[in-house]
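Down below is the structure, laid out as structure tokens.
There are 2 protein chains.
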Amino acid sequence: MNIRQEARRMKLAAPKLAAMTNEERNGALREVGLALAAAKEEIFAANEEDLRQARENNISDAVYKRLKFDEGKLKSVIDGIDQLIALPDPVGKVQLYRQMDEGLILKRISCPIGVIGVIFEARPDALVQISSLCIKSGNCALLKGGKETARTNRVLFRVIYESVLKAGLPEGCLVQAELHNEIDELLQCDRDVDLLIPRGSNRFVQYIMNNTKIPVMGHADGVCHIYVDKKADLVQALPIIIDAKTQYTAACNAVETLLIHRDIAEEFLPSLKEELEKNQVKIRASKEVADMIGCETMAEEEFDTEYLELVISIKLVGNTEEAVDHINHFGSHHTDAILTEDQEAAEYFMQMVDSAGVYQNCSTRFADGFRYGFGAEVGISTGKIHARGPVGLEGLMTYKYRIYGHGQIVGDYAEGKKEFHFKDLQ
Amino acid sequence: MNIRQEARRMKLAAPKLAAMTNEERNGALREVGLALAAAKEEIFAANEEDLRQARENNISDAVYKRLKFDEGKLKSVIDGIDQLIALPDPVGKVQLYRQMDEGLILKRISCPIGVIGVIFEARPDALVQISSLCIKSGNCALLKGGKETARTNRVLFRVIYESVLKAGLPEGCLVQAELHNEIDELLQCDRDVDLLIPRGSNRFVQYIMNNTKIPVMGHADGVCHIYVDKKADLVQALPIIIDAKTQYTAACNAVETLLIHRDIAEEFLPSLKEELEKNQVKIRASKEVADMIGCETMAEEEFDTEYLELVISIKLVGNTEEAVDHINHFGSHHTDAILTEDQEAAEYFMQMVDSAGVYQNCSTRFADGFRYGFGAEVGISTGKIHARGPVGLEGLMTYKYRIYGHGQIVGDYAEGKKEFHFKDLQ
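Written out as structure tokens, the structure is:
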């Protein structure tokens, strides 16, 4: 397959998909859900084959769990499709409706971005999720999955693509790339691919970001912080810290660094240490902390470390300002929390920390599209352009401006023969 | 000056500027307006010096006009500042206010993007406009102007920066780079600069886009089309075409290509040719057209040409579909118009053409923030990520999510001990 040609073809097909109605797109999603359920034996068999080979390659338990596509995962992706169908149509929303002058009407209307490139490691369920999101939002998708589940991906893609064609969606609206070198080809398609969504490890996403001119939505690092203020409720603080570190250690929104106000260190650190050790969390800390509780020491410049495992960094700070400066310097602008009963300190922290999510008195693990009530999640973005934080369907949308005129020319307005009379009509 | 260090310093100062109130930011703008008026003799003298040197270098009349900073331009930038002051505050708007569960509140609040890099050729007025837009929106700006007006820029920058400091804005919120090699340094600052806005020629913008990992907002090409449908009002068509081509030929929204429905070619082409020639517009066309009216022929692959001068490309098409396909293939997704009284053809065209602006029966030259009633314009974007088309202040904004909790942890929701109860509170 020539990815450049496929991308070009897709770009020209994109307006056809964008013009389909919500009923047609929902009909295609319904077809996909039914077809996946009907093809489950074939899907599981292909996945068994992938898993067999993965075991031969001695992959870790965590990766094995991500590769596996079983009844539970199938149910979860089909539920996701049903939820998507129920969501309101993101296409064709009138965002601005303005009279510029008599008989000169301006409308801003939401529309799909066009061609989305999706590159993901492992996780065959991601293939189903992302293609469903693209169908709902009227976007074409060029998909490249991980080679570890190549057989599973192939069956899933075939079932999905056949279903959408059967439902009347345009040919070429979904394409699957299968060869690894096709990733680099895809990264070159900046003329035809409008947006890339990479899903995978820090290193993988960083590689994508560093090697393409196509806009990338996502995040590489997730160095999240919890700052325990001197006015924190210390009883409440412990379960929040444990949840943020251990509830799903490999998640990007898991906490990596604790900043503790120096005034409460002596009181808080011993119980914190006990609780972390009870939960098998290893402590690395500044010398000041290590001197107090006895643990591994770490250098200041290591505070940008994302562990994604049962390890946590701890440092003391003199006030909220110092905590904010540390976070803005070492953090990754993902999600950071303050624990405090002092509302002024909380507001200062939330104003000054330059992150997609700033929380008071709860776990950083809440940074997630489903938990925000968005219904479906495209991913989490640490960029500030386009979409930030957990991104729902709106991250796959843009808009266009329409003007309906009656022969108006700019010269008349430039020369003062006519004047604009702006009036919003909705 | 070390641009990387400046950018790093600016990144850390950005939250301070972002926390200032609308009154404080407007106060700074008022100070800037007064100081510019007071320093006018010094500004004009510096500009005279730049112009003298420019004349020695034999620059064109068009460029000379752009370099010149006189009473008229000063008045226009000060008027612009007054208009900005009158605009509503873009910072701190609550875009989402949702209860996730009892005592767990989610808010999405607009905030400045942070650090904007602005690179512009010539045009000292752009320096004033863009720094004012950044002040109004609470963004720090790293500015690099063209060397042709280095003296003018230096005075303007000093006056603006001293005024904002006097008004209480944080030190380092504006920085001017003066050396040409500093552009390449700035392009490397992807860790600290959140967005680049280049203003200048096609080639200049293309260079910026091709040589940085920082998101770029703007446009390189502006290959705009007018499609004259078989049901067009041909009397109305001529002034629209002449306006779109000649009212400001060097603008990105000037028309470059005419597509004419074959059924009306014989009737329309002679009067079109006459009108274009009367306005000194040179015609280049497909062989089919050239055979009918006698003009220079051009090859199919040349139809992606952006002339920005008094030259126009003409081609015949068999129907609206063919016009759309031509535009999506050869166009630059900027602004394209259909002239027709057939509303069905118009809706098809506006749905299927993949451009930031799609117009019916008016000039492409309306693509402009002021003409859209946005009050102030950051630029025009042909990208689909973040902002598209003419971009007002909102193109300089992002948002952050705040959660106010009372000790909530994700484990309770994951294990089913608690459930989300989403309720929008506004």
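The listed protein sequences derive, respectively, from chains A and B.
Mapping to the working numbering: the first sequence position 403 is 403, numbers consecutive.
Positions in the second sequence are counted from 1; adding 426 to them yields the working numbering.
C-beta: ideal position from N, C-alpha, C; glycine also.
Exposure of residue i, with buried meaning 16 or more beta-carbon neighbours within 10 Å
| i | result |
| --- | --- |
| D669/B | buried |
| G389/A | buried |
| T297/A | exposed |
| V804/B | buried |
| L460/B | exposed |
| T447/B | exposed |
| V661/B | exposed |
| H847/B | exposed |
| Q247/A | buried |
| N473/B | buried |
| E770/B | exposed |
| M427/B | exposed |
| R371/A | buried |
| Y97/A | exposed |
| P869/B | Past the edges of chain B, shown from 427 to 852, lies residue 869/B, and the structure says nothing about it. |
| E23/A | exposed |
| D82/A | exposed |
| D476/B | buried |
Element boundaries [beta strand (DSSP E), containing residue i]
| i | result |
| --- | --- |
| R534/B | L530 to P538 |
| Q176/A | L174 to A177 |
| D354/A | Taken as a continuous stretch (DSSP letters only), D354/A belongs to no beta strand (DSSP E), as it is neither H nor E. |
| V741/B | Note that residue 741/B is Lys in the sequence shown, not Val. Element bounds for K741/B: V737 to V743. |
| L734/B | Premise fails: L734/B is in no beta strand (DSSP E) and is neither H nor E. |
| I99/A | At residue 99/A the sequence reads Gln, which differs from the Ile that was named. Per DSSP, Q99/A belongs to the beta strand (DSSP E) from V94 to D101. |
| L487/A | Not covered by the structure: residue 487/A. The range shown for chain A is 1 to 426. |
| D762/B | T761 to L765 |
| G594/B | Where G594/B is concerned, there is no enclosing beta strand (DSSP E), given that its DSSP letter is neither H nor E. |
| V498/A | There is simply no residue 498/A to check, as chain A begins at 1 and stops at 426 in what is shown. |
Terminal residues of the alpha helix (DSSP H) in which residue i lies
| i | result |
| --- | --- |
| Y379/B | The displayed coordinates of chain B run from 427 to 852. Any statement about residue 379/B would go beyond what the structure contains. |
| M10/A | I3 to A18 |
| Q83/A | E71 to A86 |
| G27/A | N22 to A38 |
| G411/A | V410 to A414 |
| E747/B | T746 to F756 |
| K181/A | Reading off the sequence shown, one finds Asn at residue 181/A, where the question assumed Lys. N181 to L187 is the extent of the alpha helix (DSSP H) around N181/A. |
Cβ-heavy atom distance, residue i to the ligand SAM, below 8 Å
| i | result |
| --- | --- |
| I81/A | The ligand SAM is not among the ligands present in this structure, which contains no ligands whatsoever. |
Whole-angstrom C-beta distance between residue j and residue i, which should lie under 8 Å
| i | j | result |
| --- | --- | --- |
| A251/A | V115/A | Rounded, the Cβ-Cβ distance is 29 Å, inconsistent with contact. |
| D730/B | F694/B | Actually they are not in contact, since the Cβ atoms of D730/B and F694/B sit about 24 Å apart, beyond 8 Å. |
| I109/A | Q95/A | 7 Å |
| V323/A | N253/A | Rather than Val, the amino acid found at residue 323/A in this sequence is Ala. About 19 Å; that fails the 8 Å criterion. |
| D751/B | S781/B | In fact, because the Cβ distance is near 13 Å, the residues do not count as touching under 8 Å. |
| E735/B | T675/B | 6 Å |
| L17/A | L169/A | 6 Å |
| L103/A | H406/A | Here the sequence assigns Gly to residue 103/A, which means Leu is not the residue at that position. About 4 Å; that satisfies the 8 Å criterion. |
| S627/B | I586/B | Between I586/B and S627/B the Cβ distance is about 25 Å, and since that is not below 8 Å, they are no contact. |
| I539/B | L819/B | Not quite, the Cβ-Cβ distance comes to about 11 Å (not below 8 Å), so this is no contact. |
| H862/B | L685/B | Missing from the structure shown is residue 862/B; chain B here goes from 427 to 852 and no further. |
| A576/B | E604/B | 7 Å |
| M436/B | C537/B | With a Cβ gap of about 16 Å, M436/B and C537/B do not count as contacting. |
| M217/A | H386/A | 7 Å |
| L142/A | A290/A | Actually they do not touch by this definition, with Cβ atoms about 50 Å apart. |
Which residue spans inside the region 359-408 of chain A form an unbroken alpha helix (DSSP H) run of at least 4?
Inside the region 359-408 of chain A, DSSP marks no whole alpha helix (DSSP H) run of 4 or more residues.
Taking Cβ-Cβ distances below 9 Å as the criterion, which residues of the region 162-177 of chain A are in contact with chain B?
So the list is empty, because no residue satisfies the distance condition.
Just list the beta strand (DSSP E) runs in the region 138-162 of chain A, keeping only unbroken ones of 3 residues or longer that don't cross its boundaries, in chain order.
As far as the region 138-162 of chain A is concerned, its whole beta strand (DSSP E) runs of at least 3 residues are 140-144.
Contained beta strand (DSSP E) runs [length at least 3] in the region 616-670 of chain B, N- to C-terminal order
Whole beta strand (DSSP E) segments, 3+ residues: 621-625 and 650-654.
Contained alpha helix (DSSP H) runs [length at least 4] in the region 661-726 of chain B, N- to C-terminal order
With a minimum length of 4 residues, the continuous alpha helix (DSSP H) runs that stay inside the region 661-726 of chain B are 688-704 and 713-719.
Residues of the region 369-402 of chain A whose Cβ lies closer than 8 Å to any Cβ of chain B, in chain order
Across the region 369-402 of chain A, CB contacts with chain B closer than 8 Å involve R371, Y372, G373, G383, K384, I385, H386, R388, G389, P390, T398, Y399, K400, Y401 and R402, in sequence order along the chain.
Check distances from the C-beta atoms of the region 91-107 of chain A to those of chain B and list, in chain order, the residues that come in under 7 Å.
Flagged, chain order: R98, M100, L104 and L106.
Return the residues of the region 731-763 of chain B that lie within a Cβ-Cβ distance of less than 9 Å from chain A, sorted by chain order.
Result list: V750, D751, N754, H755, T761 and A763.
Return the residues of the region 769-788 of chain B that lie within a Cβ-Cβ distance of less than 9 Å from chain A, sorted by chain order.
Cβ contacts with chain A come from A772, Y774, M776, Q777, M778, V779, D780, S781, A782, G783, V784, Y785, Q786, N787 and C788.
Short-range partners of chain B found in the region 404-425 of chain A, where Cβ spacing is below 8 Å:
Within the region 404-425 of chain A, the residues whose Cβ lies closer than 8 Å to any Cβ of chain B are, in chain order, Y404, G405, H406, G407, Q408, I409, V410, G411, Y413, A414, F420 and F422.
Counting only Cβ-Cβ distances shorter than 7 Å, please list the residues of the region 611-628 of chain B near chain A, keeping chain order.
Of all residues in the region 611-628 of chain B, D620 and L621 have a Cβ within less than 7 Å of some Cβ in chain A.
Taking any Cβ of chain B, which residues in the region 239-252 of chain A have a Cβ under 7 Å from it, in chain order?
Listed by position along the chain: P239, I240, D243 and Q247.
Select from the region 213-227 of chain A all residues with a C-beta closer than 9 Å to any C-beta belonging to chain B, and list them in chain order.
Here the close residues are K213, P215 and M217.
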